[in-house]
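For the sequence shown, full-length UniProt numbering begins at 1 and goes up steadily by one.
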Amino acid sequence: MTQTPGPPGSRGHGFADDSRRYRLDGRLATGGMGEVWRATDTVLDRPVAVKLLKAEYADHSSFRVRFETEAQHAASLHHPNIATVYDFGESTMTDGSGSHRPFLVMELVEGQPLSALLRPDVPMEPLAVRELLAQAADGLGAAHDADIVHRDVKPANLLVTPDRLVKITDFGIARAAEGVGLTGTGEVMGTPQYLSPEQAQGLTATPASDVYSLGVVAFECLAGRRPFTGETAAATALAHLREPVPDLPASVPADLAAVVRRALAKDPAERFPDGRALAHALRNPATEATRVVAAPPPEPPTQVIAPVPPPTSSTPVPPPSEERRRSWVWPVVGVIAVVAIAVLVVLLLTRGDGDDTPVDEQPTTTPTETTTTPTTPSEPASTPVEDTTVRIDEQDFVGRPFADVQRELADLDLRVSRRTVDNPGDEIEGDVMSVDPTGALQKGDTVTVGVWGPVPETETPTPTPTPSDTPTPTPSDTPTPTPTDDTSPSS
């Protein structure tokens with residue numbers, strides 16, 4: 001991993017705090033509002049992770065609230081599947097602004113986010129998914145027991161160690177003020193691709209909301225794509241609200257698919273109530289809770305309800321006759337046969353008259369369904385998902401010329417915004433210093449590239465010796481020309 005110097009504006013360019021306790025050793029990841037660094041607690045001599053609010057947001061009250069919220073909530077939770085928070089504080093920025101930059105010190109998890117393990121169109125092993133997400137559900141269950149709702153469950157916030165231990169991170173918007181938004185509009189909190197329907201509507205998030213988000217993660221792991229996507233964040237949120245859940249691949253065990261389907265129910269009341277219930281269902285597929293899930297497919301039938309009524313009115317006649325025929329004694333079978341034939345004749349005559357009507361009606365219903373299906377099909381929807389996901393690793397670009405990086409990002413259909421960073425003097429002008437955000441992005445997203453500015457001209461004082469030489473000859477010559485100058489003006 002590339003060891004990057006401390007962030008500009010932090011005291012000493014290598015410590016997160018004024019007391020110089022937490023030494024920043026190298027950046028691990030960047031996001032929309034913060035940076036995560038590998039650091040060393042010099043007092044306890046142990047490795048830690050330090051999350052820093054970006055310098056540009058240091059005076060932004062809503063982002064500061066998020067940092068404080070994360071510290072308070074995460075520090076109150078103690079569970080093997082939740083990253084432990086050790087400390088929280090602020091450091092004075094050295095840019096002369098007098099601003100204070102919040103930082104969060106937490107357990108350093110040796111591993112990588114689940115998002116780094118996901119590959120487009122490459123499903124994970126169902127057994128591995130069941131194991132990893134059951135752990136994540138355990139961690140959420142502990143938070144739910146403490147009346148804390150995470151509200152931003154996604155692969156990037158689930159760290160996986162080499163031993164397959166899952167740690168939940170980033171409780172930054174858990175129970176935070178409603179004004180602190182994550183989307184461009186600031187109206188909805190959370191990540192659109194993993195947002196529950198009620199969150200998309202701006203309603204209060206509950207433990208069942210976290211269950212839904214983890215259900216989306218489960219679907220993505222098992223299918224190699226997300227269940228819902230859209231051209232914009234708003235379109236994606238609407239898809240969570242309106243579109244039916246697509247089918248998982250046939251390779252996914254039926255019991256696991258049933259658990260995921262229930263977790264993705266539009267109505268929170270139909271989902272698992274909290275993380276613990278979901279974890280139990282993942283580990284015990286034969287439980288009653290899972291069996292109930294097999295019934296949810298009432299959603300597809302709902303669309304077919306319209307055509308069902310017409311046949312129902314004529315169909316009831318044969319079933320009763322069949323039931324009676326089975327219950328009656330053999331001697332009466334002959335009579336029943338005659339009656340059945342008569343009934344069939346009547347039915348045929350009746351259908352002959354009504355056939356024209358249903359035929360006219362069914363085409364009307366069928367096209368309606370056909371038109372609806374192409375509008376929101378699961379297959380077309382999945383195609384864009386496969387093509388629009390781009391994964392960015394900052395280490396692939398840091399230290400390279402901006403022109404090369406800009407070209408590569410443009411080839412990935414990403415928009416590039418250049419930000420000039422003050423050069424400390426030992427960096428090459430025009431080289432890339434940072435890329436933000438990183439991880440899984442959508443084509444068309446904007447990536448801000450930090451580029452080292454010109455090297456400061458520290459050699460300006462070098463000419464100082466020259467003036468010292470200049471005055472030396474000047475005094476010797478000055479006495480002689482002085483009278484000449486006096487004379488010239490007088491004449």
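Idealized CB from N, CA, C, for every residue including glycine.
Predicted model only: the values in this text are computed from it and were never measured.
Within 10 Å of its beta-carbon, does residue i have 16 or more other beta-carbons around it, so buried, or fewer, so exposed?
i	result
residue 417	exposed
residue 196	buried
residue 429	exposed
residue 45	exposed
residue 50	buried
residue 424	exposed
residue 412	exposed
residue 193	buried
residue 161	exposed
residue 231	exposed
residue 80	exposed
residue 190	buried
residue 17	buried
residue 215	buried
residue 254	exposed
residue 442	buried
residue 127	exposed
residue 125	exposed
residue 498	The shown model of the chain, from 1 to 491, leaves out residue 498, and the question about it has no answer.
residue 130	buried
DSSP three-state label for residue i, please.
i	result
residue 69	helix
residue 255	helix
residue 404	helix
residue 112	strand
residue 100	strand
residue 275	helix
residue 396	helix
residue 228	coil
residue 15	strand
residue 411	helix
residue 270	helix
residue 119	strand
residue 283	helix
residue 162	coil
residue 56	helix
residue 153	coil
residue 76	coil
residue 390	strand
residue 260	helix
residue 384	For residue 384, the predicted structure reports a pLDDT of 38, less than 50, and the residue's modelled location is therefore unreliable. A value from the coordinates is still provided. Helix, per DSSP.
At what residues does the alpha helix (DSSP H) containing residue i begin and finish?
i	result
residue 215	207-223
residue 236	233-242
residue 429	Looking at the DSSP string, residue 429 is not in any alpha helix (DSSP H), and its letter there is neither H nor E.
residue 198	197-200
The beta strand (DSSP E) that contains residue i, what's its start and end?
i	result
residue 129	From DSSP, residue 129 is part of no beta strand (DSSP E) but of the alpha helix (DSSP H) over 126-145.
residue 87	85-92
residue 40	34-41
residue 23	22-30
residue 46	46-53
residue 450	446-452
residue 440	439-442
Report yes if the CB atom of residue i is closer than 8 Å to the CB atom of residue j, and no otherwise.
i	j	result
residue 257	residue 264	no
residue 199	residue 205	yes
residue 279	residue 422	no
residue 439	residue 407	no
residue 43	residue 21	yes
residue 83	residue 159	yes
residue 414	residue 449	no
residue 213	residue 146	no
residue 260	residue 218	yes
residue 114	residue 88	no
residue 100	residue 91	yes
residue 30	residue 404	no
residue 53	residue 102	yes
residue 252	residue 203	no
residue 283	residue 136	no
residue 220	residue 132	no
residue 65	residue 74	no
Open item on the list: Count Cβ pairs between the segment 220-227 and the segment 159-168 that sit closer than 8 Å; are there 3 or more?
Closed with: no
Task: Cβ contact check for the segment 124-143 and the segment 274-281: 3 or more pairs under 8 Å - done: yes
TODO: For the segment 394-407 and the segment 432-439, state whether three or more C-beta atom pairs, one from each stretch, are separated by less than 8 Å.
DONE: yes
Task: Meets three-Cβ-pair contact criterion under 8 Å: the segment 27-34 and the segment 47-61 - done: yes
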